[in-house]
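Down below is the structure, laid out as structure tokens.
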Ligand code: GTP
């Protein structure tokens with residue numbers, strides 16, 4: 001089975017973290033995010049994955065390479081962003097596609113049953129089958145109602161009116177090659193959600209109602225939520241053992257005299273000074289936190305340095321190489337640009 005992962009978005013909602021590291025390979029619980037997706041795809045029989053990249057594509061290839069645990073990885077690189085469907089057409093025109101394809105949004109952490117989705121796709125003779133997942137709060141998503149035969153009835157955008165279903169598009173599609181040929185225009189940006197699928201309603205488009213763990217990691221809050229979930233063991237993954245506080249400490253970290261956890265992740269070669277607290281936060285690699293600091297519910301990208309007695313309040317995101325001077329309080333929900341220096345009063 002062949003899959004194509006959409007991994008070319010700019011990840012604007014995760015800036016400044018995504019200014020230097022593309023979302024698909026941003027560390028999640030100490031591993032490049034896509035490695036969780038690739039494990040999931042392998043478990044459902046995918047033997048080749050096409051990574052559709054644009055923004056910072058070299059970084060994606062540099063991190064993942066051409067083989068992942070026996071799975072072949074191929075890259076299709078866009079000069080201009082082609083949206084969610086345009087890249088699939090580009091892959092077709094480049095001679096990459098076989099007869100049937102799984103297309104996945106590259107920012108979803110899930111354990112949903114792709115094997116069952118493919119089985120339903122075969123049984124119904126669908127031209128395309130979308131995974132649909134129930135969410136508690138549909139207000140930030142469009143919903144997709146289906147009929148008793150599981151045919152998609154409509155694509156309903158976000159609206160103030162009560163939604164007829166709590167099922168949303170989970171970003172996992174089984175698609176026949178002929179749909180790519182006939183329904184996705186070449187050479188321009190095309191959206192599955194706004195163009196291709198609405199036009200396929202009543203013409204062989206089915207929904208597969210799935211369940212299980214599902215989260216898209218595209219916002220800071222959901223990135224942290226996915227981190228806490230992985231640390232607590234749902235979804236299952238091959239993460240190393242967590243410590244008694246439920247935290248994950250990478251290789252070469254120095255934390256003597258510091259309070260790490262609960263639910264913290266330290267990448268490799270981080271250092272946290274005496275009497276400092278790091279809780280419910282993520283430190284990528286080579287992050288240095290001085291003595292007597294507090295870091296809560298925040299994300300510090302590679303090589304961030306935090307001076308003694310500084311405080312990082314919940315929801316802060318510090319870009320690669322940012323520096324916080326001693327004694328500074330970085331306010332809740334702050335965004336610190338890569339390489340920026342935060343001084344007292346700034
Ligand atoms: P935001 O800018 O924060 O909305 O993030 P995003 O750029 O990732 O957009 P969105 O979350 O809507 O994208 C869903 C998936 O499609 C992600 O896996 C993106 O990487 C991917 N994607 C979005 N736009 C493009 C594109 O133009 N080309 C490719 N190849 N992938 C894309």
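Numbering (the working numbering), first residue to last: 1 to 346.
Where is the CB? At the ideal position from N, CA and C, for every residue including glycine.
Just so you know, these numbers come straight off a predicted model, no measurement behind them.
For residue 246, same chain residues with a beta-carbon under 8 Å away, outside a window of 5 residues either side, are 231, 232, 261, 262 and 263 in chain order.
The DSSP-derived three-state label of residue 176 is strand.
Under the 8 Å Cβ criterion, the region 295-303 counts as touching the region 316-325, having at least three qualifying pairs. In the three-state scheme derived from DSSP, where H, G and I count as helix and E and B as strand, residue 37 is classed as helix. DSSP places residue 19 in no beta strand (DSSP E); its state is neither H nor E. Between the region 103-112 and the region 1-14 there are three or more C-beta pairs closer than 8 Å, enough to call the two in contact. In the DSSP assignment, residue 203 falls outside any beta strand (DSSP E) and carries neither an H nor an E. Shortest gap from the CB of residue 169 to any heavy atom of the ligand GTP: 7 Å or more. When rounded, the separation of the alpha-carbon atoms in residue 43 and residue 335 is 37 Å. Under DSSP, residue 225 forms no beta bridge with any residue.
73 is the residue among 177, 220 and 73 whose C-alpha sits nearest the C-alpha of residue 35. Residues of the same chain with a CB within less than 6 Å of the CB of residue 99, apart from the 5 flanking positions on each side, are 177 in chain order.
The three-state reading of DSSP puts residue 43 in helix, counting H, G and I together. Counting C-beta atoms within 10 angstroms of its own C-beta, residue 227 has 16 or more neighbours from the protein chains shown and is therefore classed as buried.
In its chain, beyond the 5 residues on either side, 110, 111 and 114 have a beta carbon closer than 8 Å to the beta carbon of residue 40. One Cα belongs to residue 201, the other to residue 325, and the distance between them is close to 56 Å. The beta carbon of residue 49 sits no closer than 7 Å to any heavy atom of the ligand GTP. For residue 53, the pairing in a beta bridge is given by DSSP as 77. Going by DSSP, residue 2 is part of the beta strand (DSSP E) stretching over 2-6. For residue 218, the CB contacts under 6 Å within the same chain, skipping 5 residues up- and downstream, are 13 and 107 in chain order.
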